[in-house]
Amino acid sequence: MPVNPWDVWKGHIPGLRLPLSTWAALREDGILTIEQLSTKADQIHKLPGIGQKTAQLIRDELARVALPEEQLSDKE
Numbered sequence: 001m002p003v004n005p006w007d008v009w010k011g012h013i014p015g016l017r018l019p020l021s022t023w024a025a026l027r028e029d030g031i032l033t034i035e036q037l038s039t040k041a042d043q044i045h046k047l048p049g050i051g052q053k054t055a056q057l058i059r060d061e062l063a064r065v066a067l068p069e070e071q072l073s074d075k076e
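Everything in the sequence shown is counted per the working numbering, starting at 1 for the first residue and increasing by one.
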């Protein structure tokens, strides 16, 4: 069965689930950590191969993985 480019895959940043093409674009730009990705999140749509929809998906994933940490810090 052919792989749909919007299938969700785990990549080089633990915890995030993004399409394979997105992982390739991030790696091409040298974004290898969640910190690097978070820093560029507002401008991520300007990277080659990442449009507005993919940029929103990335921001949604960043929010999803950050949420448990925020909940833990609220309880302390």
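Cβ atoms here follow ideal geometry from the backbone N, Cα and C, with glycine treated the same way. Model, not experiment: these values are computed from the prediction.
Ranked by how close their Cα comes to the Cα of ARG64, the residues TRP9, LYS10, GLY15 have GLY15 in first place.
The shortest CA-to-CA distance from LYS40 to any of GLY49, LYS53, LEU26 is the one to LEU26.
Assignment of beta-bridge partners to LEU67 by DSSP yields no partner. Rounded to whole angstroms, the Cβ separation of HIS12 and LEU32 is 6 angstroms, and the two are in contact under 8 angstroms.
With fewer than 16 neighbouring CB atoms inside 10 Å of its own CB, LEU67 falls in the exposed class.
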